[in-house]
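So the structure is just underneath, and the comments pick up after that.
There are 2 protein chains.
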Amino acid sequence: MYITRVSAYIPEKIIDNAHFEKLMDVSEEWLLSRTGIRERRKAASHENTNTMGIRAVAAGLDQLPFDVSEVDLIIGGTYTPYDTIHTLGHAVQNFLNISDIPVLSLSSACSSFANALEVAEGYFASGKARRALVVLADHNTAYSDETDKQGGHLWGDGASALWISQEAHTDQDWKVLDILTGGAGNIGKASESVFLRPAHEGFQMAQGRDVFQNACLYMAQVTQKILAKNGFQVQDLDYFVPHQANLRITRHVAQSLGLEENQALSNIQYLGNTGCAGCSIALWENQSRFQAQDLIAVTVFGGGYSYGSVLIQV
Amino acid sequence: MYITRVSAYIPEKIIDNAHFEKLMDVSEEWLLSRTGIRERRKAASHENTNTMGIRAVAAGLDQLPFDVSEVDLIIGGTYTPYDTIHTLGHAVQNFLNISDIPVLSLSSACSSFANALEVAEGYFASGKARRALVVLADHNTAYSDETDKQGGHLWGDGASALWISQEAHTDQDWKVLDILTGGAGNIGKASESVFLRPAHEGFQMAQGRDVFQNACLYMAQVTQKILAKNGFQVQDLDYFVPHQANLRITRHVAQSLGLEENQALSNIQYLGNTGCAGCSIALWENQSRFQAQDLIAVTVFGGGYSYGSVLIQV
Numbered sequence: 035m036y037i038t039r040v041s042a043y044i045p046e047k048i049i050d051n052a053h054f055e056k057l058m059d060v061s062e063e064w065l066l067s068r069t070g071i072r073e074r075r076k077a078a079s080h081e082n083t084n085t086m087g088i089r090a091v092a093a094g095l096d097q098l099p100f101d102v103s104e105v106d107l108i109i110g111g112t113y114t115p116y117d118t119i120h121t122l123g124h125a126v127q128n129f130l131n132i133s134d135i136p137v138l139s140l141s142s143a144c145s146s147f148a149n150a151l152e153v154a155e156g157y158f159a160s161g162k163a164r165r166a167l168v169v170l171a172d173h174n175t176a177y178s179d180e181t182d183k184q185g186g187h188l189w190g191d192g193a194s195a196l197w198i199s200q201e202a203h204t205d206q207d208w209k210v211l212d213i214l215t216g217g218a219g220n221i222g223k224a225s226e227s228v229f230l231r232p233a234h235e236g237f238q239m240a241q242g243r244d245v246f247q248n249a250c251l252y253m254a255q256v257t258q259k260i261l262a263k264n265g266f267q268v269q270d271l272d273y274f275v276p277h278q279a280n281l282r283i284t285r286h287v288a289q290s291l292g293l294e295e296n297q298a299l300s301n302i303q304y305l306g307n308t309g310c311a312g313c314s315i316a317l318w319e320n321q322s323r324f325q326a327q328d329l330i331a332v333t334v335f336g337g338g339y340s341y342g343s344v345l346i347q348v
Numbered sequence: 035m036y037i038t039r040v041s042a043y044i045p046e047k048i049i050d051n052a053h054f055e056k057l058m059d060v061s062e063e064w065l066l067s068r069t070g071i072r073e074r075r076k077a078a079s080h081e082n083t084n085t086m087g088i089r090a091v092a093a094g095l096d097q098l099p100f101d102v103s104e105v106d107l108i109i110g111g112t113y114t115p116y117d118t119i120h121t122l123g124h125a126v127q128n129f130l131n132i133s134d135i136p137v138l139s140l141s142s143a144c145s146s147f148a149n150a151l152e153v154a155e156g157y158f159a160s161g162k163a164r165r166a167l168v169v170l171a172d173h174n175t176a177y178s179d180e181t182d183k184q185g186g187h188l189w190g191d192g193a194s195a196l197w198i199s200q201e202a203h204t205d206q207d208w209k210v211l212d213i214l215t216g217g218a219g220n221i222g223k224a225s226e227s228v229f230l231r232p233a234h235e236g237f238q239m240a241q242g243r244d245v246f247q248n249a250c251l252y253m254a255q256v257t258q259k260i261l262a263k264n265g266f267q268v269q270d271l272d273y274f275v276p277h278q279a280n281l282r283i284t285r286h287v288a289q290s291l292g293l294e295e296n297q298a299l300s301n302i303q304y305l306g307n308t309g310c311a312g313c314s315i316a317l318w319e320n321q322s323r324f325q326a327q328d329l330i331a332v333t334v335f336g337g338g339y340s341y342g343s344v345l346i347q348v
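If you read the protein sequences in the order shown, they are chains A and B.
Here my numbering is used: the first residue of the first sequence is 35, the next is one more, and so on.
Here my numbering is used: the first residue of the second sequence is 35, the next is one more, and so on.
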């Protein structure tokens, strides 16, 4: 299984920390020390999860080494849906106008990157697809309460698209060596730490400490596990691309793995927590930096809880 | 791939047509002639998609021919989520307390039954799971506007659970002969006919006629297609279990396929449209009626649009 292309879309509008300093009566230092976030992007009023996902897909159409009509599976990933019926996946299908292929959208919160790739892997294994389009988009600002001191300042909006093939097209394709996911919905305060209950209490980071502790624990563990399972050690890793939840979590996990700080790729400083799209936006931003044979672990943790790691060889 | 057990949960509270006669100033005859629905169930105020899904799972725990701890994949299906972060799948994982297995929740609207089974099929094919638990739940009344004359009277709440195994456990297991799904998000008025936009316009059946026409067309087509693909004809079919959208759609599809009226199983008359759970609730209700070797097509259509059929041999 190969990643042929990564594309992304980031909204134009920048929300800086000054916005939250006034709103929540806190200082820039307080905000920076908690999360490392300086600014985040906010979708315009005419944008939503589906339109951002489509923009990410549209950005990938040039230089695609196969005809887009050959896409035979579309998987959307989001926990901030615009429409749960004409879902992100269906909106992308509408945009590409490809009929009669499997389409679905899924959520394992911020770890949908790993779960969506694993679902595509399954369709490839069952012989039901050969070229999948995985679209990840989160429109956090549509649901978050920006006056919420616990979490209102965390969230940014963004989308990415991963064009996945069973066979390599060129030697530029990245090989997916392995995918490992685990739900952890039975761990800690998984049912209440972060929630997005659209018809009830809305979107809140209610137990930030429990999220922080479990994210640090599980992200380090699953990275070590997938490396060991594939005969690698942490020293073999060139880059670590974590879910962009919080710069303190990233640094903590990188340190506990024994990585150098510059091996962990981050965009949270200027994009905020862009949900399940964050890590693949980081892949897209850094693609020119990757060298042939580089080993990359993309490791995610979702708020419900769930975790996963995808091991990629460039 | 086998269905080892089907279980379900239906809330107690009954909402009859008299409720909508008053609310919408329409007659019982008008309501019955449009949908065939006499009454529907409504979740209690302490219930939600996750609690209903858990109740459906709990109902299946007795007589399970394997230990529940052997479940190694949980897939939730819903378009009416209680929580998009601690999703239906994660809530079930929490209830069963099974750690470190893949868990996700998905939506292809009312056709999630077929897509969830197809995702499980993929995990089996990739060797990543052997016993999947598929949980389908919709809490339509949490999102619907009961004063909406177009669609307010359609919706009921309910949940079901399907215990799926790669190998048969007993000769009571039903064999899944084939699964065929297709997104149809690029067809007709797919993007606006039925929508559930939690942060925007809510839940509406805006273009009932377009849904009706495409549901009739696609449900008949995909049933014929899956039968032909597996060397069967419509005459070989013992039962037809459609998505419980509307009794007129069911009758129209059954008639266009050339089925007898009693071959099409319906519960919409007393449960309303229970979303993606409806067809598996019908499987659960009718299981004592099925005889060994009976051929059953479960055919679904979702509002975004999407369609699918699952061919089962008892």
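Ideal placement from N, C-alpha and C gives every residue a C-beta, glycine not left out.
The structure presented is a predicted model; accordingly, all values stated were derived computationally and were not measured.
Residues of chain A with a Cβ closer than 8 Å to the Cβ of residue 108 (chain B) are, in chain order, 217. In chain order, 118, 119 make up the part of chain B whose C-beta sits under 7 Å from the C-beta of residue 113 (chain A).
In the structure shown, the three-state DSSP call for residue 221 (chain A) is coil. For residue 172 (chain B), the closest alpha carbon among the candidates B:132, B:143, B:325 is that of B:143. Within the same chain, 260, 264, 345 come within 6 Å of residue 212 (chain B) by CB-CB distance, once the 5 residues on both sides are set aside. For residue 114 (chain B), the closest alpha carbon among the candidates B:75, B:231, B:38 is that of B:231. Nearest in C-alpha terms to residue 282 (chain B), of all of B:267, B:271, B:302, B:174, is B:302.
Assignment of beta-bridge partners to residue 137 (chain B) by DSSP yields B:108. Within chain A, the residues whose beta carbon sits less than 8 Å from that of residue 135 (chain B) are 216, 217, listed in sequence order.
Interface with chain B (7 Å Cβ-Cβ cutoff): residue 68 (chain A) is excluded. Inter-residue distance for residue 112 (chain B) and residue 121 (chain A) is about 12 Å (C-alpha atoms, whole angstroms).
Within chain A, no C-beta atom comes less than 7 Å from the C-beta of residue 178 (chain B); the nearest is roughly 10 Å away. Contact residues of the stretch 233-261 of chain B toward chain A are 233, 234 (C-beta to C-beta distance below 8 Å). Taking residue 335 (chain B) as reference, the option from B:217, B:294, B:348 with the minimal CA-CA separation is B:217. Within the same chain, 268, 271, 274 come within 8 Å of residue 293 (chain B) by CB-CB distance, once the 5 residues on both sides are set aside.
Look at residue 131 (chain B): its C-beta is under 7 Å from a C-beta on chain A.
Assigned with DSSP and collapsed to three states, residue 294 (chain B) falls in coil, not helix or strand.
Burial of residue 249 (chain B) is indicated by the presence of at least 16 other C-beta atoms within 10 angstroms of its C-beta. Taking C-alpha positions only, residue 306 (chain A) is separated from residue 323 (chain B) by approximately 56 Å.
At a cut-off of 7 Å, the C-beta of residue 127 (chain B) has a neighbouring C-beta in chain A. Contact check for residue 137 (chain A) against residue 123 (chain A) passes: the beta carbons are separated by less than 7 Å. When CB distances to chain A are screened at a threshold of 9 Å, the residues of the stretch 151-162 of chain B falling below it are 152, 153, 154, 155, 156, 157, 158, 159, 160, 161, 162, in chain order. In the assembly as shown, residue 131 (chain A) is an exposed residue. Its beta-carbon has fewer than 16 other beta-carbons within 10 Å.
Contact of residue 102 (chain A) with chain B is not assigned, every C-beta pair being separated by 7 Å or more. Bridge partners of residue 341 (chain A) according to DSSP: A:216, A:335. Taking a Cβ-Cβ threshold of 7 Å, the residues of chain B close to residue 124 (chain A) are 217, 219, 224, 338, 340, in chain order. Judged by DSSP in its simplified three-state form, residue 174 (chain B) adopts helix.
At least one beta carbon of chain B lies nearer than 7 Å to the beta carbon of residue 231 (chain A).
Scanning its chain for C-beta atoms nearer than 6 Å, with the 5 sequence neighbours on each side dropped, one finds around residue 284 (chain A) the residues 276, 298, 300, in chain order. With a beta-carbon spacing of about 6 Å, residue 110 (chain B) and residue 87 (chain B) fall inside the 8 Å limit used to define contacts. Under the Cβ criterion (8 Å, minimum of three pairs), the stretch 73-80 of chain B counts as touching the stretch 43-57 of chain B. Within the model, the alpha-carbon separation for residue 125 (chain B) versus residue 36 (chain B) is close to 24 Å. Under the three-state reduction of DSSP, residue 57 (chain B) is assigned to helix. Where residue 253 (chain B) is concerned, the enclosing alpha helix (DSSP H) starts and stops at 242-263.
In terms of beta-carbon proximity, residue 139 (chain B) lines the interface with chain A, with at least one pair separated by less than 7 Å. Distance between residue 140 (chain B) and residue 196 (chain A), taken at the CA atoms: about 18 Å.
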